[in-house]
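Numbering-wise, this note's numbering puts 140 at position 115 of the sequence shown, and it's gapless, one number per residue. Ideal Cβ placement from N, Cα and C applies to all residues, glycine included. Just so we're clear, the structure is a prediction, and the values are computed from it rather than from any experiment. Right, one structure below, let's go through it.
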Amino acid sequence: MKVGIIGVGTVGASVANILRDNKDIIKARVGFEITPVIGVVNNLNKDRDVSIELTDDVNKVLDDDSIDVVVELMGGIEKPYEVVKKALAKGKAVVTANKALLAYHRYELEELAGDIPFEYEAAVAGGIPIINALREGLSANHILSIRGIMNGTCNYMLTKMINEGVDYDTILKESQELGYAEADPTFDVGGFDAAHKLLILASIAYDVDAKPEDILIEGIQNIDSPDIDFANEFNYSIKLLTIAKKKGKQIELRVHPVFIPKTEMIAKVDGVMNGVSVIGDRVGETMYYGPGAGGDATASAVIANIIDIARRGKGSPMLGFEFDHTENLQIMPKEEIETKYYLRLRVEDKAGVLAKIAKILGDKNISIEKMIQKPLNTTCANLLLATHMSVEKDIVDALQQIEDVGVVTAKPVMIRIED
26 MKVGIIGVGT VGASVANILR DNKDIIKARV GFEITPVIGV VNNLNKDRDV SIELTDDVNK
86 VLDDDSIDVV VELMGGIEKP YEVVKKALAK GKAVVTANKA LLAYHRYELE ELAGDIPFEY
146 EAAVAGGIPI INALREGLSA NHILSIRGIM NGTCNYMLTK MINEGVDYDT ILKESQELGY
206 AEADPTFDVG GFDAAHKLLI LASIAYDVDA KPEDILIEGI QNIDSPDIDF ANEFNYSIKL
266 LTIAKKKGKQ IELRVHPVFI PKTEMIAKVD GVMNGVSVIG DRVGETMYYG PGAGGDATAS
326 AVIANIIDIA RRGKGSPMLG FEFDHTENLQ IMPKEEIETK YYLRLRVEDK AGVLAKIAKI
386 LGDKNISIEK MIQKPLNTTC ANLLLATHMS VEKDIVDALQ QIEDVGVVTA KPVMIRIED
């Protein structure tokens, strides 16, 4: 079996080198050799540390009838979409690690692929085999919930912030210096990377076609030291969590920072590592842990897909459903989400302020579970509140009213609580 790699960066180079270095064990498991024969790059002058032929012409892969599998590692959305469509049109199997591509075009690609193998394990959580677990290992279950830590940059930053008291700006700079965060870190710290991965998992679990614009996405940019203090005070960790929950005929899909009890398994996933908790109606909770990025870890998942294609020859349903899903589940509107909330309010430290806030919350049927007041100076204090179960729309409306009455001296901060 011959493989062409479109995009020979860190992951693409690892794919080529692992197929070369581990060819004997791979041949023993498959029954024949899998050989990388050509790679496509933008800049032929850059050293790639690979032994395969390199070209800057993608058609040398697409038009070569001897190439059986196209590995797409370009990044981006529309350009790789066109490349993958051409590969499928020529009957070539495709393996991709491109989460953004799948976040926007997974259903179109599933239709185009048909019986042609199309695999994408590496697109979600790097080296963790969560796609295979959901699509095959848990296929007898109704999936009740998925909660994932699927962005190593955010998890590294939050781990440092909560365990070592490092402030956001300092740890962001450190993450950029270590190569965990890009020069423009918005895609990671803004929650968009994790959201793309959540949408892929949600399609496999629930057969729902949602785009990033359809779901709640918030990043970690507003987390500050008072929030860390509150977390430590009440034995919470803070994680950027991807959440999918089945509630009746609706599915919650959201990505945002959460306070989560430190006793929960997923709260123990620290540093750059990823973790995904899946609850099935029959199996209960299963937990998946491992490296979510990195050349060799991601390449391991890519090659696992290639091996699977070599063994089976025919594609299994790309998103896991042979027929239309009879439940016809719908995405829950963002404003109907119900959970607990943490509020950070910077208020004037004077009589009557707390009463005004309590009345606004009470009028929206929001009750307070925990409260801490921490003076900032002689005139201002941070009021840190945790609510009982409340509805998103009520919280948003209440915070707007609190701003409007003029008792806060800075924009309120809200973080959801999952316990």
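{"query": "When DSSP builds the beta bridges, which residues end up paired with residue 259?", "result": "In the DSSP output, where bridge partners are listed per residue, residue 259 has none listed."}
{"query": "Taking all protein chains shown into account, do 16 or more other C-beta atoms lie within 10 angstroms of the C-beta of residue 298, making it buried, or fewer, making it exposed?", "result": "buried"}
{"query": "Taking three-plus beta-carbon pairs below 8 Å as touching, is the stretch 309 to 316 in contact with the stretch 133 to 146?", "result": "no"}
{"query": "Residue 97 by DSSP, collapsed to three states: which one?", "result": "strand"}
{"query": "Would you decide whether residue 49 is buried or exposed? Buried here means 16 or more other CB atoms lie within 10 Å of its CB.", "result": "exposed"}
{"query": "I'd like to know if the stretch 187 to 204 and the stretch 219 to 235 are in contact, where contact means that at least 3 CB-CB pairs between them fall below 8 Å.", "result": "no"}
{"query": "Taking only runs that begin and end inside the stretch 234 to 322, name each unbroken beta strand (DSSP E) of 3 or more residues, in chain order.", "result": "261 to 272, 275 to 286, 298 to 305, 309 to 316"}
{"query": "Would the beta-carbon of residue 318 fall within 8 Å of that of residue 237?", "result": "no"}
{"query": "Find the nearest neighbour of residue 329 within the set 32, 153, 80, judged by alpha-carbon distance.", "result": "153"}
{"query": "What residues match up with residue 61 in a beta bridge as DSSP calls it?", "result": "28"}
{"query": "Could you tell me which whole beta strand (DSSP E) segments of length 3 or greater appear in the stretch 371 to 421?", "result": "393 to 400, 405 to 412"}
{"query": "Check residue 37 in the structure and name its three-state DSSP category.", "result": "helix"}
{"query": "Between the beta-carbon of residue 126 and the beta-carbon of residue 111, is there less than 8 Å?", "result": "no"}
{"query": "Flag this pair as yes or no: are the beta carbons of residue 274 and residue 354 separated by less than 8 Å?", "result": "yes"}
{"query": "Just to confirm, are residue 396 and residue 138 a CB contact at a threshold of 8 Å?", "result": "no"}
{"query": "Closest to residue 352 by CA distance: which of 424, 178, 131, 233 is it?", "result": "233"}
{"query": "Which first and last residues belong to the beta strand (DSSP E) in which residue 79 is found?", "result": "78 to 80"}
{"query": "Have a look at residue 186 and residue 246 and give me their C-alpha separation to the nearest angstrom.", "result": "12 Å"}
{"query": "Would you kindly check if the distance between the Cβ of residue 84 and the Cβ of residue 105 is under 8 Å?", "result": "no"}
{"query": "Report buried or exposed for residue 195, applying the criterion of at least 16 other Cβ atoms within 10 angstroms of its Cβ.", "result": "exposed"}
{"query": "Across which residues does DSSP place residue 173 in a beta bridge pair?", "result": "267, 301"}
{"query": "Please report the distance separating the alpha-carbon of residue 253 from that of residue 367.", "result": "12 Å"}
{"query": "Expressed to the nearest angstrom, what Euclidean distance is found between the alpha-carbon atoms of residue 414 and residue 394?", "result": "9 Å"}
{"query": "Would residue 263 and residue 282 qualify as a contact pair, given that the criterion is a beta-carbon distance under 8 Å?", "result": "yes"}
{"query": "Can you find the residues in the same chain that come closer than 6 Å, C-beta to C-beta, to residue 2, ignoring five residues on each side of it along the sequence?", "result": "Nothing about residue 2 can be read from this structure; the chain reaches only from 26 to 444."}
{"query": "Please state whether DSSP places residue 121 in a helix, a strand or coil.", "result": "strand"}
{"query": "Let me know the secondary structure DSSP gives residue 348 once reduced to three states.", "result": "coil"}
{"query": "Could you tell me which of 91, 164, 165, 198 sits nearest to residue 179, measuring between CA atoms?", "result": "198"}
{"query": "Since residue 97 and residue 31 are thought to touch, with beta carbons under 8 Å apart, how far apart are those beta carbons, to the nearest angstrom?", "result": "5 Å"}
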